[in-house]
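So the structure is just underneath, and the comments pick up after that.
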Amino acid sequence: MIMLKICRKGIWKVSAKARQNISKNSDKQKRQYDVKAHENTYKTGDVVWLYTFNRKPKLSPKLQRNWDGPYFVVEVISDLIYKIKKTATSKMQIVHHDRLKPFFGDVQNWVNEQENQRTDNTVNTVVAAGI
Numbered sequence: 001m002i003m004l005k006i007c008r009k010g011i012w013k014v015s016a017k018a019r020q021n022i023s024k025n026s027d028k029q030k031r032q033y034d035v036k037a038h039e040n041t042y043k044t045g046d047v048v049w050l051y052t053f054n055r056k057p058k059l060s061p062k063l064q065r066n067w068d069g070p071y072f073v074v075e076v077i078s079d080l081i082y083k084i085k086k087t088a089t090s091k092m093q094i095v096h097h098d099r100l101k102p103f104f105g106d107v108q109n110w111v112n113e114q115e116n117q118r119t120d121n122t123v124n125t126v127v128a129a130g131i
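Residues 1 to 131 (UniProt numbering) make up the sequence shown, in order.
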């Protein structure tokens with residue numbers, strides 16, 4: 001009986017020390033993570049890139065683009081969730097802020113290029129169809 005009490009006391013000491021070490025180490029890990037962690041906040045109308053998970057088969061993932069866009073922030077649902085849209089006619093997507101990054105560049109040039117490509121594709125289709 002005495003041995004059992006001694007063992008219990010030892011187990012409690014060890015588990016208390018383990019809890020103390022876990023708490024201390026989790027605080028240290030949080031501090032290390034927070035040094036490099038940053039959160040971008042976006043407003044309605046901001047231009048962003050969207051991280052895509054889709055991969056085309058039979059093509060090396062290294063050669064595929066990870067970021068698609070630019071997209072426009074349509075609505076801020078919460079601090080972390082945003083509604084975005086690529087063009088006026090495209091479907092809205094609801095995404096987490098971890099999948100977004102700011103777009104730096106001339107958005108107007110990008111929009112003009114997209115319109116020119118769309119017009120060229122329409123002309124090529126009409127010419128190919130012989131209309």
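Using N, Cα and C, we set each Cβ at its ideal position, and we do this for glycine too.
query                                                                                   : result
Own chain, CB closer than 8 Å to Asn40, minus 5 neighbours either side, in chain order  : His97, Leu100, Lys101 and Pro102
Buried or exposed (CB count within 10 angstroms, at least 16 for buried), Phe53         : exposed
Straight-line gap, Trp110 to Val73 (C-alpha atoms, nearest Å)                           : 16 Å
DSSP-derived helix/strand/coil call for Glu115                                          : helix
Cβ-Cβ distance between Val48 and Tyr71 below 7 Å                                        : yes
Cα-Cα separation, Met3 to Lys9                                                          : 10 Å
Contact set for Gln117: own chain, Cβ-Cβ below 7 Å, skip 5 residues either direction    : none
Unbroken alpha helix (DSSP H) run spanning Ile6, endpoints                              : Ile2 to Lys36
Residue(s) in a DSSP beta bridge with Tyr42                                             : In the DSSP output, where bridge partners are listed per residue, Tyr42 has none listed.
Residue(s) in a DSSP beta bridge with Ile81                                             : His96
Lys17 to Gln32 span [Cα, whole Å]                                                       : 23 Å
Limits of the beta strand (DSSP E) - the one that Gly69 falls within                    : Trp67 to Val76
Exposed unless 16 or more other CB atoms sit within 10 angstroms - verdict on Val14     : exposed
Same chain only: Cβ atoms within 6 Å of Asn112, ignoring 5 sequence neighbours per side : none
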